[in-house]
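**Q**
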Amino acid sequence: MTESILKHVLIVEDEEDIVEILRIALDFNSPYQVSFAKTGPEGLQKAIILQPDLILLDVLMPGMNGMELIEELKIFPETKEIPVAFMTSRVLKNEILEYQKRGGIGVIEKPFAPLEIAEKIQTLWEDSKKNH
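My numbering applies: residue 27 is where the sequence shown begins, and numbers increase by one.
#1: Is DSSP giving serine 61 helix, strand or coil here?
#2: Measuring alpha carbon to alpha carbon, tell me which residue in Ala144, Lys72, Glu107 and Glu135 is nearest lysine 155.
#3: Which term fits phenylalanine 102, buried or exposed, when burial requires 16 or more other beta carbons within 10 angstroms of its beta carbon?
#4: Quick one, are the C-beta atoms of tryptophan 151 and leucine 80 less than 8 Å apart?
#5: According to DSSP, which residues form a beta bridge with phenylalanine 112?
#6: Classify threonine 114 as buried or exposed, calling it buried when 16 or more other Cβ atoms lie within 10 Å of its own Cβ.
#7: Quick check: what's the CA-CA separation for isoleucine 37 versus isoleucine 31?
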């Protein structure tokens, strides 16, 4: 059995300042390629085309939010097996249970520590592979 390695992460986030923090933090602290989308529809399109290893979704986005996007990702054969985690400040127990019920593998709480984000993403990835 070959061990899978996290190579490509797609981040769907509409707030430009968070995108920039993630871009800088992951450029310096991670070995993987990172792609960004600013809307749910753009995230769906990029997920189908790019086939990332992991998708991080902002929960609260205008138009198609993260909860709607994860449902769309499950429809397409190209994306239905890609692990999805949420990035949100909404981390009450019942909210986390809802993310899991929708198929999320975990949550990265906002605000996050930029120097720890690569490690958190790697941990989510490793956990998803153990449970799959």
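Ideal placement from N, C-alpha and C gives every residue a C-beta, glycine not left out.
**A** This is what the structure gives:
#1: strand
#2: Glu107
#3: exposed
#4: yes
#5: Leu83 and Val133
#6: buried
#7: 18 Å
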